[in-house]
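In this note's numbering, the protein residues as written are 13 to 225. For reference, the structure discussed in these notes is given below.
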């Protein structure tokens, strides 16, 4: 088992990063929130989970051990694979998931792309109290609150890379485009383009707040 990974960040994309340790570059899939904190050339520590399949070895990374532990528990629910578990942690914090499952809040869980009412109910039953009580680690900002971002590329169209990442996570293109544009201008420094990971994180929070097409 690879429980953690510490090394130099050599590349960051919208869905993954490459971290070099001991002369070996390891590709790690992660949530937009985790990826937005990584900087090329800087050292990073990620808590990891290795998924072994017959034809692949896939490493998933998390900024906090609590996220990794929640990921493991979610994988134990029927019908939940690594992609869906990662999407759940992209939309909801671990504490938000704990509260949603404890309250049997199907509507909150349905905000995750690819998760319908039956799947949400099955997760509620299968996970139960395995995630434990909330730890009080939620950020102060509420879901759906706009974050510093412009949302559009120089031609006025939604950033295509961000739209593509949202589609890969499971939203349809129309909803993805709407979210990227809806996060809107506001807090970005004048004359400074917002970072793409920040736009993606803003769009995810907007979608996670229930504002979906």
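Here a beta-carbon is modelled for each residue, glycine too, at the ideal position from N, C-alpha and C.
Closest Cα partner of residue i within the set the options
i: residue 126; options: 38, 77, 183 and 52; result: 183
i: residue 36; options: 59, 51, 28 and 18; result: 18
i: residue 178; options: 144, 50, 219 and 146; result: 219
i: residue 16; options: 65, 22 and 71; result: 71
i: residue 90; options: 140, 170 and 193; result: 140
i: residue 174; options: 115, 142, 211 and 21; result: 211
i: residue 92; options: 185, 131, 116 and 68; result: 131
i: residue 147; options: 25, 31, 76 and 63; result: 76
i: residue 101; options: 129, 65 and 143; result: 143
i: residue 13; options: 63, 191 and 128; result: 63
i: residue 78; options: 94, 59 and 66; result: 59
Identity of the residues DSSP links to residue i by a beta bridge
i: residue 39; result: 30
i: residue 59; result: 16 and 74
i: residue 187; result: Partner(s): none; residue 187 has no beta bridge.
i: residue 68; result: 65
i: residue 23; result: 30
Integer Cβ distance of residue i from residue j, believed to fall under 8 Å
i: residue 80; j: residue 61; result: 6 Å
i: residue 41; j: residue 27; result: 6 Å
Cβ-Cβ distance between residue i and residue j below 8 Å
i: residue 57; j: residue 29; result: no
i: residue 145; j: residue 110; result: yes
i: residue 74; j: residue 97; result: no
i: residue 99; j: residue 52; result: no
i: residue 215; j: residue 195; result: yes
i: residue 193; j: residue 170; result: yes
The stretch 96-110 contacting the stretch 34-53, beta-carbon criterion three pairs below 8 Å: yes
Using a Cβ distance threshold of 8 Å, determine whether the stretch 134-144 contacts the stretch 109-121, with at least three qualifying pairs required. yes
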